[in-house]
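Residue numbers (this note's numbering): 70 to 389.
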C-alpha cells in the first residue's frame, strides 16, 4: 500500500503542524539531495507517513510503501531541493487516527552530512496520541522477526519469552489446526537480508511434527537463526532459500501428551518459536519485544523479537 504527499493537505495534528511550519524553504543554490531508507513502528502500529526535515531547505513528505504482511515497516524515499550540506531529521507517523491524522509523531535525532544519504529508523511509538518526541533510533544491524500467524502469544501464561535449550529466547504462539505458519522478517533494504533453511528435524523425536531453523544473513554475514517447531505439511528442505512471506508449514494438534508437546484441547494447538544469535561475532544474545503481553492476541507479522547485535550481554532480555 502506498500513500504520497497528498497527506500534507489534510494533516491536522496541531503539534505536527507547528513543527512543519518551521521547515526552511529551498536554499538559493539548491542541490538535489536524495533521502531514503526503512522505518519501523516496533509496537505494532502501521506506518502512516514520513516527513523529511532538512535544515538546508526543501523539507517535504516522502513517498513510502509498507512491507507485505508487516504494515509497521515501510520503505521510503524522496529527493529534496536543498543545500547539499544539511542536517536531516525524520518525523514518522505511527497509527492512523482518521481524517489524515497520525496517531503519534515519532522523531529521530538530527543527522548531519553532505549529499544524498540513507537513514533507517526504529521507533518505539506510544499506543495513543502524544506530543512529538525523540522515540526513534538508527536501525543498524538487527533483523526483526514477526508473528508467524495471527494468534495468541503465550495463551495460558506458561511460556513467556524465556531461555530454552538451543535458543537465546523462545515462546509459544497459538492458533487453530491447519493455519499457515508464515516467515515474517524485516531488515532495512540496505541490509540485503537473505535467509535459507538451516536444518529440518523431527519435533519431539518426530512425534510432534517437524522443526525448521531459518538461517539469517545481512550483507552475506550469518547473524543467527529463527526456529519454528511442531509444524505440519512442511515441504521445505535444508538449504532452500526463503523470504518474508514464505509458508513454513501449518499448525497441527499432534497426538502427544508429555513435557515436549502437551496439548489436550484445540485451544492448545501451537508452534514453538525461538531466536538464537550466531556465536563468535561478539554480538550478544537475541532479544524479545518488551511490548508483548501474555494471553494476548496479535496479528500476523507483529514484532516478537530481534536477531543481531543489540547490546544484550546476557540471555532472556527484552530488546532495547
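All C-beta atoms in this analysis are idealised placements derived from N, C-alpha and C, irrespective of residue type, glycine included.
A Cβ-Cβ separation of about 7 Å places residue 99 in contact with residue 152 under the 8 Å criterion. By the beta-carbon neighbour count (other beta carbons within 10 angstroms, threshold 16), residue 270 is exposed.
Counting along the chain, residue 326 sits inside no beta strand (DSSP E), nor does DSSP assign it H or E at all. In the DSSP assignment, no residue is bridged to residue 299.
DSSP places residue 344 in the uninterrupted beta strand (DSSP E) bounded by 339 to 346. Assigned with DSSP and collapsed to three states, residue 335 falls in helix. By the Cβ rule, the region 209 to 228 does not count as touching the region 177 to 185, because fewer than three pairs are nearer than 8 Å.
Annotation: residue 146 to residue 226 spans about 42 Å, alpha carbon to alpha carbon. When DSSP states are grouped into helix, strand and coil, residue 319 belongs to the strand group. For residue 229, no beta strand (DSSP E) segment is defined, and its DSSP state is neither H nor E.
The DSSP-derived three-state label of residue 152 is coil.
From the listed residues 229, 372 and 384, the smallest Cα separation to residue 363 is found for 229. In the same chain as residue 296, and ignoring 5 residues on each side of it, the C-beta atoms closer than 8 Å to its own belong to 235, 236, 239, 280, 281, 282, 283, 341, 342, 343, 344 and 345, in chain order. By alpha-carbon distance to residue 162, the top candidate from 278, 198 and 179 is 198. For residue 134, the enclosing beta strand (DSSP E) starts and ends at 132 to 136. Proximity to residue 277 across 301, 205 and 263 peaks at 301, based on C-alpha coordinates.
Take the alpha-carbon of residue 111 and the one of residue 140: they are about 10 Å apart.
Excluding its 5 nearest sequence neighbours in each direction, residue 315 has C-beta neighbours in its own chain below 6 Å: 252, listed in chain order.
Under the rule that a run must span 3 or more residues, the beta strand (DSSP E) segments found entirely inside the region 238 to 300 read 249 to 251, 262 to 271, 279 to 287 and 290 to 300.
Straight across, the Cα-Cα distance linking residue 334 with residue 361 is about 24 Å.
Remark: C-beta atoms of residue 305 and residue 242 do not approach each other more closely than 7 Å.
In this structure residue 257 touches residue 189 by the C-beta definition: roughly 4 Å separates them, less than 8 Å.
In the three-state DSSP reduction, residue 330 falls in the coil class, being neither helix nor strand. DSSP places residue 170 inside the beta strand (DSSP E), whose first and last residues are 170 to 176. Assignment of residue 361 by DSSP, reduced to helix, strand and coil, places it in the coil class.
Between residue 211 and residue 377 a beta carbon distance of about 4 Å is seen, short of the 8 Å cut, so the two are scored as contacting.
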